[in-house]
Amino acid sequence: MTSFGGSTQSTVEGSYDVDEIRETEYPMLKGTTLYAKSLVDRFSADLLGSLYGNPHSASAASQLTARRIEDVRLRVLRFFGADPDQFDVVFVQNATAGVKLVVEGLRACGCEGGRLEGKGFWYGYHRDSHTSLVGVREAARAGQRCFGSDGEVEDWLSSGALSSCGADDGCAEEAEVGLFAYPAQSNMTGRRLPLEWSGRLRRQQKQQAHHRRVYSLLDAAALVSTSPLDLSDPGESPDFTVLSFYKIFGFPDLGALIVRKEAGHVLQRREYFGGGTVEMVVCLRERWFERKQESLHEQLEDGTLPLHNIIALDSAMDVHRRLYGPMENISKHTSVLAKFLYEGLSRLSHANGESVCCIYRGAAPNCGDGDGDGDDDDERTQGPIIAFNIKNGSGGWVSNSEVERLAAVRKIQLRTGGVCNPGGIAHSLGLAPWEMKANFSAGRRCGDENDIMNGKPTGVIRVSLGAMSSIRDVRVLLEFIEEFYVERQAAVVERGLSHPFPLLHGGLGTAAAAATGSPSGTGLYVESLTIYPIKSCGGWRVPEGMPWAVRKEGLAWDREWCLVHLGTGAALSLKRYPQMALVRPTIDLDDGVLRVRLRRPLSGMPSMPTSTFKSEKHQEPPSGEITVPLSANPEYFRKSRTNGFKSQSSRVCGETITAYTYTSPLITEFFSNALGVPCTLARLPASSSSGEGGGAGAMRYSKARLRRFQGSSNCHLWEGCSNTNGMPGAFPTSTAAVDTTTVSEASQRRPILLSNESPILVISRSSLDCLNESIAARGGKKARAEVFRANIVVAGAGEGGRPYGEDSWAGLRIGNVDLETLGACRRCRMVCVDPDTGCTDEEPYVSLARTRSMDGPGGGVFFGVHAGVVVAGEGGGGSGAGTLRAGLGVAVVELRGGG
Numbered sequence: 001m002t003s004f005g006g007s008t009q010s011t012v013e014g015s016y017d018v019d020e021i022r023e024t025e026y027p028m029l030k031g032t033t034l035y036a037k038s039l040v041d042r043f044s045a046d047l048l049g050s051l052y053g054n055p056h057s058a059s060a061a062s063q064l065t066a067r068r069i070e071d072v073r074l075r076v077l078r079f080f081g082a083d084p085d086q087f088d089v090v091f092v093q094n095a096t097a098g099v100k101l102v103v104e105g106l107r108a109c110g111c112e113g114g115r116l117e118g119k120g121f122w123y124g125y126h127r128d129s130h131t132s133l134v135g136v137r138e139a140a141r142a143g144q145r146c147f148g149s150d151g152e153v154e155d156w157l158s159s160g161a162l163s164s165c166g167a168d169d170g171c172a173e174e175a176e177v178g179l180f181a182y183p184a185q186s187n188m189t190g191r192r193l194p195l196e197w198s199g200r201l202r203r204q205q206k207q208q209a210h211h212r213r214v215y216s217l218l219d220a221a222a223l224v225s226t227s228p229l230d231l232s233d234p235g236e237s238p239d240f241t242v243l244s245f246y247k248i249f250g251f252p253d254l255g256a257l258i259v260r261k262e263a264g265h266v267l268q269r270r271e272y273f274g275g276g277t278v279e280m281v282v283c284l285r286e287r288w289f290e291r292k293q294e295s296l297h298e299q300l301e302d303g304t305l306p307l308h309n310i311i312a313l314d315s316a317m318d319v320h321r322r323l324y325g326p327m328e329n330i331s332k333h334t335s336v337l338a339k340f341l342y343e344g345l346s347r348l349s350h351a352n353g354e355s356v357c358c359i360y361r362g363a364a365p366n367c368g369d370g371d372g373d374g375d376d377d378d379e380r381t382q383g384p385i386i387a388f389n390i391k392n393g394s395g396g397w398v399s400n401s402e403v404e405r406l407a408a409v410r411k412i413q414l415r416t417g418g419v420c421n422p423g424g425i426a427h428s429l430g431l432a433p434w435e436m437k438a439n440f441s442a443g444r445r446c447g448d449e450n451d452i453m454n455g456k457p458t459g460v461i462r463v464s465l466g467a468m469s470s471i472r473d474v475r476v477l478l479e480f481i482e483e484f485y486v487e488r489q490a491a492v493v494e495r496g497l498s499h500p501f502p503l504l505h506g507g508l509g510t511a512a513a514a515a516t517g518s519p520s521g522t523g524l525y526v527e528s529l530t531i532y533p534i535k536s537c538g539g540w541r542v543p544e545g546m547p548w549a550v551r552k553e554g555l556a557w558d559r560e561w562c563l564v565h566l567g568t569g570a571a572l573s574l575k576r577y578p579q580m581a582l583v584r585p586t587i588d589l590d591d592g593v594l595r596v597r598l599r600r601p602l603s604g605m606p607s608m609p610t611s612t613f614k615s616e617k618h619q620e621p622p623s624g625e626i627t628v629p630l631s632a633n634p635e636y637f638r639k640s641r642t643n644g645f646k647s648q649s650s651r652v653c654g655e656t657i658t659a660y661t662y663t664s665p666l667i668t669e670f671f672s673n674a675l676g677v678p679c680t681l682a683r684l685p686a687s688s689s690s691g692e693g694g695g696a697g698a699m700r701y702s703k704a705r706l707r708r709f710q711g712s713s714n715c716h717l718w719e720g721c722s723n724t725n726g727m728p729g730a731f732p733t734s735t736a737a738v739d740t741t742t743v744s745e746a747s748q749r750r751p752i753l754l755s756n757e758s759p760i761l762v763i764s765r766s767s768l769d770c771l772n773e774s775i776a777a778r779g780g781k782k783a784r785a786e787v788f789r790a791n792i793v794v795a796g797a798g799e800g801g802r803p804y805g806e807d808s809w810a811g812l813r814i815g816n817v818d819l820e821t822l823g824a825c826r827r828c829r830m831v832c833v834d835p836d837t838g839c840t841d842e843e844p845y846v847s848l849a850r851t852r853s854m855d856g857p858g859g860g861v862f863f864g865v866h867a868g869v870v871v872a873g874e875g876g877g878g879s880g881a882g883t884l885r886a887g888l889g890v891a892v893v894e895l896r897g898g899g
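If you read the sequence shown in full-length UniProt numbering, its first letter stands for residue 1, the second for the next number, and so on.
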């Protein structure tokens with residue numbers, strides 16, 4: 001094991017005791033920046049002890065507010081060393097709102113006749129800019145340029161050719177105004193850019209008397225969260241500086257635009273005016289108004305200010321100073337932590353000597369090959385942010401989304417993806433514009449899980465350290481990466497080996513069966529059948545011996561309903577609302593209804609106001625349950641006052657569907673009060689996928705696919721459940737090519753209702769027992785089959801019940817039903833939700849990550865297999881496919897090519 005030595009002391013000498021502060025001020029902190037407890041207490045006391053009103057009034061409460069706001073405004077300027085005679089502060093929602101305010105002013109420059117038809121402004125921005133800075137280019141009608149490096153900026157400033165903008169998209173040389181913007185610190189890598197550029201730009205223009213005036217805009221949001229910003233020299237300071245206070249103090253949610261008064265006239269040209277920014281307005285017969293002239297901020301702060309947030313800022317600055325002292329203390333503290341983290345990540349290596357982390361910090365990434373830089377960085381050039389990706393021992397990329405999932409289970413807060421820095425991502429990951437466009441065409445979207453495409457990562461893992469971060473936090477992260485992503489044994493790549501087990505298990509199979517792919521007796525049987533009528537809610541086990549209908553969409557009434565948010569229309573998920581597990585639906589065939597009860601009162605969940613949903617004729621549901629008819633006939637709904645519905649769009653797993661949404665106040669109230677979320681029940685009946693059902697439409701198809709390890713000839717790594725080395729070695733290092741003809745073209749268009757990926761999910765009892773052995777060996781709580789939300793649990797003794805044998809199944813025959821396996825099931829932290837309590841734990845996801853993880857494109861943490869029903873005359877219509885029941889024998893078809 002790698003030693004992450006050093007003292008456990010979290011305090012940087014001469015600064016502050018972060019451990020003591022954490023204990024008293026951040027009891028809720030689990031690795032992310034939050035507001036201090038005493039800040040909340042102080043602000044609450046302030047509100048309770050004073051009456052504040054709209055400052056646009058003459059009342060005593062309003063005048064108190066006006067005085068407090070101006071006091072805070074002055075305090076903000078002093079916080080950054082800015083002279084109030086030279087600078088003004090405009091309070092805005094956040095840093096992005098400050099950027100937009102600057103754009104409003106610049107767009108009006110050069111306008112003719114009061115209309116935006118003039119030359120507009122030119123815009124230049126640095127590659128490392130946040131998306132909010134990049135977006136300004138779309139308003140720059142006189143041209144724009146993205147500076148690809150610090151060197152390009154230096155050359156531009158030194159050349160004296162500031163009038164020659166060198167725009168990427170053409171440039172109107174006659175433009176009178178320009179804007180050069182850059183971040184003080186990259187929000188992706190933490191690299192700090194030269195603050196002197198603003199002053200150099202201003203001096204260069206004065207020396208050469210350019211006809212175009214280029215102003216400077218500094219995005220200081222990332223920098224000021226942990227470092228001081230000195231604006232004491234107006235000549236060297238940016239014309240416009242934007243920042244967000246919550247990044248410094250955790251609260252309030254407020255931003256600022258700090259303006260050099262010499263540049264303020266640019267903002268005065270904007271066309272829009274809001275309440276509080278004008279002295280008088282004429283509306284009738286004439287169009288005339290007069291702006292306020294006393295101060296710049298009065299002209300720019302439209303409408304009523306967020307007065308309570310501004311007052312909270314006063315408390316935040318008091319508490320922050322008391323806890324940490326000057327910002328220099330935080331800068332020193334976080335610099336030490338960042339250096340410790342960087343060195344720790346750099347030292348991690350696999351047994352074969354390959355580096356685990358590729359760190360994006362300097363001009364080139366440091367992937368352990370000696371080409372990267374940044375080892376000599378200090379707090380002047382590098383902030384406390386580390387961006388990196390993880391590689392396995394073979395050099396393959398590890399999925400960032402899987403890292404984030406596992407980190408969340410361990411209560412470690414990371415951010416993954418493009419982190420709103422398109423230029424930095426493209427540069428660090430070597431993504432050309434054509435590659436990014438190709439990824440988009442292939443389905444890449446912001447926030448999705450397409451994190452490895454065409455052999456390259458599409459985003460990064462970002463770790464940000466703050467004032468309340470500690471050495472202990474850094475160690476926890478390093479130990480987490482070492483535990484799950486460092487391969488301690490060199491991978492042995494074996495090619496062309498015969499399968500160590502008989503291809504068909506249980507004694508009933510023959511060589512002829514293997515050659516033809518025909519079913520084999522295995523000693524397996526159906527241990528249980530379970531359906532989940534309401535997506536993400538509790539399951540209902542089909543009674544022993546009861547035959548259950550199977551349709552092409554899966555088991556009858558499985559995931560046919562969902563709960564949808566009343567505001568967004570999106571389906572609720574167990575991942576976001578874990579207490580959905582306590583909502584227990586059952587199928588009552590005698591009465592022809594779906595009954596829904598709660599396992600117990602959902603403690604800890606806020607109740608929705610009853611008056612929000614109740615109608616005058618509403619009555620409480622009998623016995624704490626509701627019922628809805630199983631019939632999909634829309635006429636049945638229309639005849640029932642309590643079960644009315646409307647056809648409405650909804651979002652399920654990122655897809656838009658048209659479903660029946662129940663309109664009964666009784667139903668809405670039942671689920672909304674149960675979960676503390678404004679929601680109601682919706683349905684996508686199985687009949688809708690064949691064009692029946694009165695307007696609801698499935699238009700959803702299976703997304704499951706065979707994974708690279710399926711059909712491998714190296715399944716011996718799981719024999720005896722003895723492999724506990726950790727990921728990614730739990731999967732075979734050599735994967736035989738899967739004969740994709742075993743997955744029919746029809747399987748790619750299998751209709752599904754509200755399930756995530758496939759019609760049916762199957763798990764193996766033997767595989768679960770094997771997993772539980774691994775969990776128990778580490779003292780964890782064993783997992784129950786229910787947490788995997790499978791429809792079919794298959795069990796059996798002997799070779800037929802070999803753990804993880806399902807990875808090589810091509811299909812199953814159960815009674816009169818044939819199932820085709822569609823691919824392994826990729827797991828998320830939903831499996832950590834206890835179905836009896838709705839509480840979450842780290843198991844079984846952590847143990848799955850150790851033993852059932854695959855890197856690279858399409859990788860993830862896997863358990864169980866997706867399956868689809870093979871309907872006689874596939875594609876020829878008909879929704880029935882037979883019946884299943886617990887106790888039936890299971891015959892297996894192994895993957896062709898598996899031997």
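Each residue gets a CB set at the ideal place from its N, CA and C atoms; glycine is no exception.
- Assigned with DSSP and collapsed to three states, F273 falls in coil, not helix or strand.
- DSSP places P183 outside any alpha helix (DSSP H); the residue lies instead in the beta strand (DSSP E), whose first and last residues are V177 to P183.
- When the five nearest sequence neighbours on each side are left out, the beta carbons in the same chain lying within less than 8 Å of the beta carbon of Y26 are those of L34, A36, K37 and M468, in order along the chain.
- Counting only the Cα atoms, L822 lies some 21 Å from A442.
- If you draw a straight line from the Cα of D155 to the Cα of Y215, it comes to about 18 Å.
- Taking a cut-off of 8 Å for Cβ pairs, the stretch 864-872 and the stretch 821-836 touch, as three or more such pairs fall below it.
- Annotated three-state conformation of P759 is coil, per DSSP.
- Contact check for L761 against A790 passes: the beta carbons are separated by less than 7 Å.
- According to the DSSP secondary-structure assignment, P578 is paired through a beta bridge with no residue.
- If you look at K646, you'll find it in the beta strand (DSSP E) that goes F645 to V652.
- Of the candidates N816, I481, C109 and P844, the residue whose Cα lies closest to the Cα of G780 is P844.
- Restricted to the stretch 296-360, the alpha helix (DSSP H) segments that are unbroken, complete and at least 4 residues in length are 296-300, 307-324 and 327-347, listed in chain order.
- Of all alpha-carbon atoms in G396, R322, L848 and I390, the one lying nearest the alpha-carbon of D17 is that of R322.
- K575 and H427 have their C-alpha atoms spaced approximately 34 Å apart.
- Straight-line measurement puts the Cα of L598 at about 8 Å from the Cα of A674.
- Around the beta carbon of A432, a 10 Å sphere encloses fewer than 16 other beta carbons of the protein chains shown; the residue is thus reported as exposed.
- DSSP places V474 inside the alpha helix (DSSP H), whose first and last residues are I471 to Y485.
- For F670, the enclosing alpha helix (DSSP H) covers residues P665 to L675.
- Contact annotation, F240 with A316: C-beta distance approximately 23 Å; criterion of less than 8 Å not satisfied.
- Rounded to whole angstroms, T381 and E70 show a C-alpha spacing of 34 Å.
- Three or more Cβ pairs closer than 8 Å define a contact, and the stretch 289-307 meets that threshold against the stretch 49-58.
- In its chain, beyond the 5 residues on either side, G81, A82 and D83 have a beta carbon closer than 8 Å to the beta carbon of S232.
- A distance below 7 Å between beta-carbons, with the five flanking residues on each side excluded, links M830 to the following residues of its chain, in chain order: L574 and K575.
- By the neighbour-count definition (other C-beta atoms within 10 Å, threshold 16), T416 is a buried residue.
- Straight-line spacing of the CA atoms in T668 and L572 works out to 14 Å.
- Residues of the same chain with a CB within less than 8 Å of the CB of E402, apart from the 5 flanking positions on each side, are A849, S853, G859, G860 and V861 in chain order.
- Boundaries for H265: no beta strand (DSSP E) harbours it, and the DSSP string shows neither H nor E there.
- For a cut-off of 8 Å, the C-beta gap from L313 to L254 is around 6 Å, short enough to register as a contact.
- G811 is a Cβ neighbour of V893, given a cutoff of 7 Å.
- Per DSSP, V89 is one residue of the beta strand (DSSP E) stretching across F87 to V92.
- Spanning the alpha carbons of T883 and G644 requires a straight line of approximately 31 Å.
- Boundaries around E773 are those of the alpha helix (DSSP H), R765 to A777, since no beta strand (DSSP E) includes it.
- Distance from the Cα of V153 is smallest, within the candidate group Y182, A222, G143 and T131, for Y182.
- Within the stretch 802-862, the complete alpha helix (DSSP H) segments at least 4 residues long are 845-851, listed from N- to C-terminus.
- Boundaries of the alpha helix (DSSP H) harbouring R42: K37 to G49, taken from the DSSP string.
- Distance from the CA atom of R683 to the CA atom of G539, rounded to whole angstroms, is 17 Å.
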